[in-house]
Amino acid sequence: QVHVVESGGGLVQAGGSLRLSCVASGLSTYGVGWFRQPPGKERELVAQISRRGSRTLYSRSVKGRFTISRDNTKSAVYLQMSSLKPEDTAVYYCNANNASTKDIYWGPGTQVTVSS
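All residue numbers for the sequence shown refer to our numbering, where the first residue is 472 and numbers rise by one.
This is how it looks when you write it as C-alpha cells:
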C-alpha cells in the first residue's frame, strides 16, 4: 500500500500562482499524474510525469501555464501552477501508478480555489 498525500492548495486570485506537492514513500518507482475535479464535473487529467521525469504530458487547458516535475530524492512530485484562472478551481488529486503491476494509488486531494 502506498500512502499518497497532496498539499499546497488554497485560495488565490486570478493570475496568481500555487505549487502543489505530492509525497509518498517509494514514489520514485511510480509514474505520477495530477488530476482535478471541478465542482459538479468529472475528474480529469491535468498532467503526468514518468518515473524518471523524462516524459511529461499536459492537458490542453493547462499547457504553458502548469509545470509538473519530480524530485525522486524526496519522493515528491510537484505541480507548479501559474496564471491561474477561476476555471482552474477544483480539488486536485495525485495518482501514483505502475504500468507493470497496474497498481494505482490516489491521495485524498487538495482544494484549489481561484477567485476572479
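Glycine is no exception: its CB is placed at the ideal position from the N, C-alpha and C atoms.
Notebook entry, point to check: DSSP puts Y564 in a beta bridge; with which residues?
Noted result: By one-based count along the sequence shown, residue 564 stands at place 93. Note: Y564 sits in a beta bridge opposite F506.
Notebook entry, point to check: How long is the line joining the alpha carbons of L489 and G504, rounded to whole angstroms?
Noted result: Counting from one through the sequence shown, the residue named residue 489 turns up at place 18. Counting from one through the sequence shown, the residue named residue 504 turns up at place 33. Near 17 angstroms, if we compare the C-alpha coordinates of G504 and L489.
Next item on the list: Report the rounded CA-to-CA distance for K573 versus A567, giving the unit in angstroms.
Entry: As a working mapping, residue 573 is identified with position 102 in the sequence shown. As a working mapping, residue 567 is identified with position 96 in the sequence shown. Using only the alpha carbons, I get a separation of about 10 angstroms.
Check: Where DSSP assigns a beta bridge to D542, which residues make up the other side?
Finding: One-based indexing of the sequence shown puts residue 542 at position 71. Answer is A547, bridged to D542.
Checklist line | Contact set for N543: own chain, Cβ-Cβ below 7 angstroms, skip 5 residues either direction | finding: Your numbering for residue 543 matches position 72 in the sequence shown. Around N543: S499.
Checklist line | 7 angstroms CB neighbourhood of K556 in its chain, flanking five on each side removed | finding: In the sequence shown, counting from the first residue as 1, residue 556 sits at position 85. The residues are A485 and V585.
Check: Out of curiosity, what's the CA-to-CA distance linking K593 and Q519?
Finding: Only positions 472 to 587 of the chain appear in the structure, and residue 593 is not among them; the question remains open.
Check: Between which two residues does the beta strand (DSSP E) carrying G480 extend?
Finding: In the sequence shown, residue 480 corresponds to position 9, counting from 1. Taken as a continuous stretch (DSSP letters only), G480 belongs to no beta strand (DSSP E), as it is neither H nor E.
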